[in-house]
Each structure stands twice: as C-alpha cells, then as structure tokens.
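In order, the protein sequences belong to chains A and B.
Okay, so the first sequence: first residue is 1 according to the numbering used here, each after it adds one.
Okay, so the second sequence: first residue is 1001 according to the numbering used here, each after it adds one.
Even glycine gets a Cβ: it sits at the ideal position worked out from N, Cα and C.
Note sheet for the following structure.
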Amino acid sequence: MVSDKPALIRAIRGPILLMTLGLLFVADFFGSYRFSKTFPALLIVFGVMWLLERLPDRHHDDGRTGEGGFL
Amino acid sequence: MRRRGSLVGPALIILIGVWFLLSSLRPDLPLLEIAARYWPFVLIGWGALRLIEIVSWAARGRALPRAGISGGEWTLVVLICLVGSGMWVFSHRGPWRNLAVITSNRLEIFGHTFDYPLEEQKAPAPKSARIVIENLRGGVRVTGADTQEITVSGRKSIRAFSEADADSANRQSAIEISTAGDQVVVRTNQDRVTGDQRISTNIEMSVPRSASLEVRGRYGDFEISDIDGPVDITSDNAGVRLENLGSSVRLNVQRGDLLRASNIKGGIEILGNGSGAREMELSAIGGEVVLRTPLTEMRLAKLPGRIHMDPGELTGSNLIGPIRYSTTRRRDVRLEDFTQSLELSVVHGDIALRPGSQAMPKIDAQTVSGEIELAVPANAKFLLKATTRRGELNNEFGSVLKTEYDGGSESRMSGSIVGGIEQGAPITLETTRGSITIRKDDGSSLTPALPSQPEAPRPPDAPRSPRHRMLPSEKAVVIFPSLPGIFAR
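The structure is reproduced here in structure tokens:
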C-alpha cells in the first residue's frame, strides 16, 4: 500500500462526493428527505475529506521532530 | 508504472448501449420512466467503481490520479443531474406533474394506462330526485329516460407505474351510490387513492327524466340530455354539451374547449373566474341567458335563435332583448334579428348589426378600435347618432341621414352621421378609431355568414394503442364505443 495518504484521500474525494450526491438524490426520490434540505451534506463530506487530507499522517511523520513531540 | 484508464467510461458506454438496445427490443418496458426514477444509482455506481479502482491502484502501489473525478466528468455529472431532476420533476411533482399527466395521454412518456370496466350499478331513484355526481377527473354522460332507477356504468383509466399500483387504486376508488331522502349521490372516490396514480373515470348514467342534476368535477367533459329538472355543473376544465333540458342550467366552468347548449326550456347562467369555454354555441334557449366571466359579460332575455362565440368573434341571430354585451377581449360582434334593446361595449373589435324587420330596437353600441356597420330596413323608425373620432363616415342609407364632419373638414376624419325620425328608436353608435357605415337592410346576411349548423360530433377515437402498457386483455375494454369525441381526450 502506498503510504501517500493525502494523495489517496484527494483521489477518492471525487468518487465519495459523487456517491454522496447520488445517495442524496435517492433519499429525495425514494424517501422523504428533499435534496433542497440535504444538500449541505455534500459540503460536510467535502470538508471532512479535505480535513483528512490535511491531517498529519502519523505513519509518515515517524522519526520527524515535530513541535510538541514527546522527546 | 503506467496507470491504466478508468473503467467508468467503458461502463457508461455499455450502460447507454444496453439502454438503447432494450428500447429497441422491448418497447413495452418503460425505460424513460426507469431512467427518470433510478438515475441517481448511476452516480452511486460511478462513484463506487471509481473508489474501488483508486483503492485498488493504491494497494498495488500504482500512481494515483490527482483528482478522482476529473473536471470533464463533473460536467457530465452536472448534466446528468439537471436532465434527471428535470425528468423526475416533470413526472412526479408540482404543476409539471399535471402537465405530464395531461400530455401523457398522447405522449405516453411516463407510466402506463390501465383500463378497468365499471360494473353496471343500479339504484332506485325517488320521484323528482336530486342527483349529485362527484367525479374529479373524467367524463360524465347523463341521459334522462322514462325510468325510476339510476344506472351507472362506464370505464376507469388509471395511470400508474405498475399494474399492482393500478389495481390498488382501482380498489380504493370504487364507485359509490348513496341515497338520502330525495338526494342521490354518485361518487367516483378518486380522492381516496393515496398513491401516485392518476385516475380518470368516464361514467355513463341513465336517470329518471324528472330528476335534477348537480355535477362536480375538475377535469373532464359533460354531456347531459333529456333532463327536466335544473342542471348545475361545476368544473375547473370541461367541455360541456347540453341538449333537451326542461329547466334552467347553471354552469360554473373555469375553462373548456367547448360549451354547446341547445333546446333548453329554462334559462342558462354561465359563470366562471377563468377564461371560460374557448368556443360557445347556444341555441333555442327559452329563458334568460347570462354569461359572466372576468373579461366578458352578456345578458339577453331569450334566445330563440343562435349565438356562437369564439375567441375572435361573437355572432348571433334571432335574439330577444334587452340584450347587453360587453367585453375587454379583442372580439368582433355580428348580430342579426334582435329586438327590444341592445347595449354593446367592445374595446377592440368590429361591430356589425342588422336588427331585422321587426320593431326597431334601441341600440347603444361602442367600440374603441373597430368599424361599425349598421343595416336597417328602409322604413325603419329610428333616430341615429353615429360618431367616429377618427375614421370614415359612409351614409349609404339615404338623405334622411346627414353626415357632419367636425370643423367642416373631411380630412380630419372626425364626425357623425345623424338624423332620422324624432319619435324613432334611439340609436347611438360610437367608435374612437374606425369607420362607420349605415346602409339599408337589403335582406342579405351580415358577412361572414353565421355558422349554419353545429358541427357533427367527431367519431370516437380509436382505442389507443396498448404500446407501453402491460394490460391484461380482459382489462383493455373500451366501454364507450358510441361516445363522441367529447370523451376521447
């Protein structure tokens, strides 16, 4: 497995957003959740993915002397 | 390592190919409807496939794309969302839904129509029964007969996405006949259906001739004949044909293609806040005729002859006044053989009047923009004042009348034709822009001629092709083979 986690998250961000978009439409068509009310979920998913992309990769950061480290 | 392209493109191409192949091989499948309903799953599948690909590439250590979904792909996604949402809204929600259902009778885009025959139902009718018919959608044909019972039969068309839905709606909307005292209520119960199905019930009834009738509906045509009691019809959109009615008629129909009433012994009152019937033909009305819509008002005492009104013209012959007519629509008016008095007010439209050989009626006719032509018998007793502010004055009647141009100048084209007998019936004609012609009545009809006879009813439409339907053969029954086109839309 590649260890470039931010690149992976960035790559899967589009497909996950697309799936979320599809799910919101399904919830609208087959459930009682109107897309006009649930569309902010797309922003949330986008924000979470962006956040995950920016979080420091612990595995990757091993050996680094980051601020706030124990040693 | 070179990264291979995505599988999504080929998968979409295959999907589109399968869709078109199915539409060719299985025209009975409601593919448009399926696409309108299930397209979001394409987005989910697309995203899932792409996700699996990327995770798989990452697991094998292959290079990852910078963006999982490219800009071009997002454009396609937006396009799919717009088209898919549009199809969904068109078929399921809002005002478009009604449009879809109305047009779908011809377009057959969404859903299928399932036909159900109505089992004939009978109920005893009290003497001088008051029959109330409630049918939201669909035609109603009522015929009076020498009988003491009410007979109801007909056909129900249910538009639904599946046969099971249609069956369920059919069960929920059973026709009901209930009697309370002198009142008999016939309900088609379409409002009891809870699902998405659209029901149209065409009912044919035979009732005692002495009955009175009250019909309520929203969309559907009415054909009522040979009833002696009063008839009251309320509908949002209906074509109405009335014939041989023994009492008064009250119509409150907002819109419709046609209103035709003939041989009505009582009066007829036509009300509505909508545009009213597009075409109206009244003949042999024994009582007062009242028409009141937001744009047009008409009232006359009796109509032994005929009135025909369409969006562009009102023609009438053999009318008994006092007659009052006013409209703000652009409409020409041509009236022949009328009596008593005539008050006419038109904003845009020509006026042609030929009172006929009977006693000269009092006439007050005004138009803002339009020509006025009056044909009076040579020996008629009248006192005329016909004024135009801008237009020609043509006195073809004779020297009894004088033409006076304001300021003595013909070039201003403003003036009056005046004259006649002091004790004669006062005639006032006024137009702001348009010529005025006064001539002798030579017996020829006003041009263009009044419509001679009502058009013959259209033959019934052939049963619609069962394409796109999955009908059990026993349900595909046409009940009204002899019914004219009034029920065929």
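(1) Using only CA atoms, which one of Q1190/B, L1319/B and A1301/B lies nearest to G1267/B?
(2) Just the C-alpha distance for F29/A and R1324/B, rounded to the nearest angstrom, thanks.
(3) Is I1372/B near L1429/B, with beta carbons less than 8 Å apart?
(4) Report back the beta-carbon spacing between T1339/B and G1321/B to the nearest angstrom; my notes put them in contact at under 8 Å.
(5) If you reduce the DSSP assignment to three classes, tell me which class E1033/B lands in.
(6) Which chain B residues are close to G22/A, counting only those with a beta carbon under 7 Å from its beta carbon?
(7) Which ranges would you report for the alpha helix (DSSP H) in the segment 1148-1219 of chain B if only whole runs of at least 4 residues count?
(8) Compare the Cα-Cα distances from I1421/B to each of N1379/B, A1048/B, V1055/B and A1011/B and report the closest residue.
(9) How would you label G31/A, buried or exposed, when you count the other beta carbons within 10 angstroms and need 16 or more for buried?
(10) Using the three-state DSSP reduction, which class does K1127/B fall into: helix, strand or coil?
(11) Checking 8 Å against the spacing of the C-beta atoms, do P1311/B and A1284/B come in under that value?
(12) Please specify which runs of the beta strand (DSSP E), each continuous and at least 3 residues long, are wholly inside the segment 1277-1332 of chain B, giving them in chain order.
(13) Give the C-beta separation of G14/A and G1072/B to the nearest angstrom, bearing in mind that I take them to be a contact with Cβ-Cβ under 8 Å.
(14) Quick one: is W50/A buried, meaning 16 or more other Cβ sit within 10 Å of its Cβ, or exposed?
(15) Is P1361/B near S1345/B, with beta carbons less than 8 Å apart?
(16) With a threshold of 8 Å between beta-carbons, can G1017/B be considered close to chain A, or not?
(17) P6/A touches chain B at which residues, Cβ-Cβ below 8 Å?
(18) Would a check of beta-carbon distances place I44/A closer than 8 Å to chain B?
(19) Count the other CB atoms, across all protein chains shown, that sit within 10 Å of the CB of A1166/B; report buried if there are 16 or more and exposed otherwise.
(20) Check the DSSP bridge columns for A1425/B and list the partner residues they point to.
(21) Is the beta carbon of G1138/B sitting closer than 8 Å to the one on I1203/B?
(22) Identify whether E1053/B lies in helix, strand or coil by the three-state DSSP scheme.
(23) Report the neighbours of L1051/B on chain A: residues whose CB is nearer than 8 Å to its CB, in chain order.
(24) Going along chain B in order, which residues have a C-beta closer than 9 Å to the C-beta of V48/A?
(25) Between which two residues does the beta strand (DSSP E) holding E1243/B run?
(26) By alpha-carbon positions, which one of F46/A, F25/A, K5/A and G47/A ends up nearest to P38/A?
(27) Within 8 Å of any Cβ in chain A, is that where the Cβ of P1065/B sits?
(28) Decide if the segment 1216-1231 of chain B is in contact with the segment 1168-1177 of chain B; the criterion is three or more beta carbon pairs, one per stretch, under 8 Å apart.
(29) According to DSSP, is R1141/B helix, strand or coil?
(30) Going by other Cβ atoms of all chains shown within 10 Å of its Cβ, with 16 needed for buried, is G1256/B buried or exposed?
(31) Which residues does DSSP pair with A1261/B in a beta bridge?
(32) Can you name the residues of chain A whose CB is closer than 9 Å to the CB of I1323/B?
(33) For S1369/B and L1032/B, what's the separation of their Cα atoms in angstroms?
(34) Taking CB distances under 8 Å as the criterion, tell me whether M1298/B reaches chain A.
(35) Measuring straight from C-alpha to C-alpha, what distance separates N1263/B and H1348/B?
(36) Could you have a look at A1352/B and say whether DSSP puts it in helix, strand or coil?
Let me lay it out:
(1) For the purposes of this step, residue 1267/B is identified with residue 267 of the second sequence, where counting begins at 1. Of the candidates Q1190/B, L1319/B and A1301/B, the one whose C-alpha sits nearest the C-alpha of G1267/B is A1301/B.
(2) To locate residue 29/A, count along the first sequence from 1; it is residue 29. To locate residue 1324/B, count along the second sequence from 1; it is residue 324. Taking the straight line from one Cα to the other gives about 55 Å.
(3) Along the second sequence, one-based indexing puts residue 1372/B at 372. Along the second sequence, one-based indexing puts residue 1429/B at 429. Yes, these two residues count as a Cβ contact at 8 Å.
(4) The count along the second sequence starts at 1 and reaches residue 1339/B at position 339. The count along the second sequence starts at 1 and reaches residue 1321/B at position 321. About 5 Å; that satisfies the 8 Å criterion.
(5) The count along the second sequence starts at 1 and reaches residue 1033/B at position 33. Of the three classes helix, strand and coil, the one that applies to E1033/B here is helix, per DSSP.
(6) Your numbering for residue 22/A matches position 22 in the first sequence. By Cβ distance, chain B contributes P1040, F1041, L1043, I1044 and G1047.
(7) 1163-1172
(8) Locating residue 1421/B in the second sequence gives position 421, counting from the first residue. For the residues N1379/B, A1048/B, V1055/B and A1011/B, the minimum Cα distance to I1421/B belongs to N1379/B.
(9) In the first sequence, the residue the question calls residue 31/A occupies position 31. G31/A is exposed by the Cβ-count criterion.
(10) Here residue 1127/B corresponds to residue number 127 of the second sequence, with the count starting at 1. Coil, per DSSP.
(11) Numbered from 1 along the second sequence, position 311 holds the residue referred to as residue 1311/B. Numbered from 1 along the second sequence, position 284 holds the residue referred to as residue 1284/B. In this structure, A1284/B does not lie closer than 8 Å to P1311/B by Cβ.
(12) 1289-1292, 1296-1300, 1303-1310, 1313-1319 and 1323-1330
(13) If you number the first sequence from 1, residue 14/A lands on position 14. If you number the second sequence from 1, residue 1072/B lands on position 72. Wrong, their Cβ atoms sit about 12 Å apart, outside the cutoff.
(14) Position 50 of the first sequence holds residue 50/A. Classification for W50/A: exposed.
(15) As a position in the second sequence, residue 1361/B is number 361, starting the count at 1. As a position in the second sequence, residue 1345/B is number 345, starting the count at 1. Taking 8 Å as the Cβ cut-off, P1361/B and S1345/B do not qualify as a contacting pair.
(16) To locate residue 1017/B, count along the second sequence from 1; it is residue 17. Output row for G1017/B: interface = no.
(17) In the first sequence, counting from the first residue as 1, residue 6/A sits at position 6. In chain order: nothing, as chain B lies at least about 10 Å away.
(18) Within the first sequence, numbered from 1, the residue matching residue 44/A stands at position 44. False, the Cβ-Cβ gap to chain B never drops below 8 Å.
(19) What you label residue 1166/B is simply residue 166 of the second sequence in a count that begins at 1. A1166/B should be labelled buried.
(20) Counting from 1 along the second sequence, the entry for residue 1425/B is found at position 425. Answer is F1382/B.
(21) Reading the second sequence from its first residue, position 138 is the one you call residue 1138/B. Reading the second sequence from its first residue, position 203 is the one you call residue 1203/B. Yes. Within cutoff.
(22) Looking up residue 1053/B in the second sequence gives position 53. It is helical.
(23) Taking the first residue of the second sequence as 1, we reach residue 1051/B at position 51. Per Cβ cutoff of 8 Å: I12, P15, I16 and M19.
(24) Within the first sequence, residue 48/A is the residue found at index 48, counting from 1. The premise fails here: V48/A is roughly 15 Å from chain B at the closest Cβ pair, so nothing lies under 9 Å.
(25) What you label residue 1243/B is simply residue 243 of the second sequence in a count that begins at 1. Its beta strand (DSSP E) spans residues V1240 to L1245.
(26) For the purposes of this step, residue 38/A is taken as the residue at position 38 of the first sequence. For clarity, residue 38/A is Thr in the given sequence; the question names Pro instead. Answer by Cα proximity: F25/A.
(27) The count along the second sequence starts at 1 and reaches residue 1065/B at position 65. At least one chain A Cβ lies under 8 Å of P1065/B.
(28) No, the segment 1216-1231 of chain B is not in contact with the segment 1168-1177 of chain B.
(29) Here residue 1141/B refers to the residue found at position 141 of the second sequence. Three-state result, R1141/B: strand.
(30) If you number the second sequence from 1, residue 1256/B lands on position 256. G1256/B is buried by the Cβ-count criterion.
(31) Here residue 1261/B is taken as the residue at index 261 of the second sequence, counted from 1. According to DSSP, which records beta bridges pairwise, A1261/B is partnered with L1242/B and L1282/B.
(32) In the second sequence, the residue the question calls residue 1323/B occupies position 323. Using a Cβ-Cβ cut-off of 9 Å, I1323/B is close to nothing in chain A; its nearest Cβ partner there is about 55 Å away.
(33) For the purposes of this step, residue 1369/B is taken as residue 369 along the second sequence, with counting starting at 1. For the purposes of this step, residue 1032/B is taken as residue 32 along the second sequence, with counting starting at 1. Taking C-alpha positions only, S1369/B is separated from L1032/B by approximately 51 Å.
(34) Indexing the second sequence from 1 puts residue 1298/B at position 298. So, not an interface residue.
(35) Position 263 of the second sequence holds residue 1263/B. Position 348 of the second sequence holds residue 1348/B. Cα-Cα distance, rounded: 32 Å.
(36) Position 352 of the second sequence, counted from the start, is the residue given in the question as residue 1352/B. In this structure, A1352/B counts as strand in the three-state DSSP scheme.
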